[in-house]
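Asker: My questions all concern the structure below.
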Amino acid sequence: MSHDHERDWITVEDNDGNKKQFVVEALLAIEEDTYALLRSEHELDHAIVMQVENEDDEQYLIGINDPRKKTMVLDAYEIAVEANPAD
196 MSHDHERDWI TVEDNDGNKK QFVVEALLAI EEDTYALLRS EHELDHAIVM QVENEDDEQY
256 LIGINDPRKK TMVLDAYEIA VEANPAD
């Protein structure tokens with residue numbers, strides 16, 4: 196069985212109304228923020244890091260422009276995977 200079937204898929208709509216499918220690789224809580232590590236259905240070897248914002252009982256994904264913040268999230272993900280490797 197493919198691991199992709201075990202993961203959650205979401206549809207993300209950008210500001211121009213374009214929709215893309217992403218697999219949710221991980222959700223990470225770091226300090227007071229939550230981050231999502233996503234992979235496109237067409238580019239599973241490339242991860243996208245976004246911040247999760249909550250507003251009026253809705254969740255939104257916000258792009259991260261700060262490369263240090265992206266690195267921090269990816270490093271935290273790597274540490275989590277090394278501490279709890281998948282079967």
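Under the numbering used here, think of the first position of the sequence shown as 196, with each following residue one higher. For every residue, glycine included, the Cβ atom is placed at its ideal position computed from N, Cα and C.
#1: Just checking my contact of Val-289 with Leu-256 at CB under 8 Å: how many whole Å lie between their CB atoms?
#2: Just the C-alpha distance for Tyr-272 and Asp-228, rounded to the nearest angstrom, thanks.
#3: Could you spell out the range, first to last residue, of the alpha helix (DSSP H) harbouring Glu-253?
#4: In three-state terms, what does DSSP make of Glu-273?
#5: Might you give, ordered along the chain, the residues of its own chain that have their beta carbon closer than 8 Å to the beta carbon of Ser-197, omitting 5 neighbours on each side?
#6: So what's Arg-202 in DSSP terms, helix, strand or just coil?
#7: Distance, Cα to Cα, Ile-333 vs Gln-216?
Answerer: So, from the data block:
#1: Nothing can be reported for residue 289, as the shown portion of the chain is limited to 196 through 282.
#2: 14 Å
#3: Looking at the DSSP string, Glu-253 is not in any alpha helix (DSSP H); the run it does join, the beta strand (DSSP E), is 253-258.
#4: helix
#5: Confidence at Ser-197 is low in this model, with a pLDDT of 47, below 50, so the placement of that residue should be treated as unreliable; the coordinate-derived value is given next. Once the five neighbours on either side are set aside, Ser-197 has no close Cβ partner at all.
#6: coil
#7: Since the first residue shown for the chain is 196 and the last is 282, residue 333 is missing from the structure and cannot be characterised.
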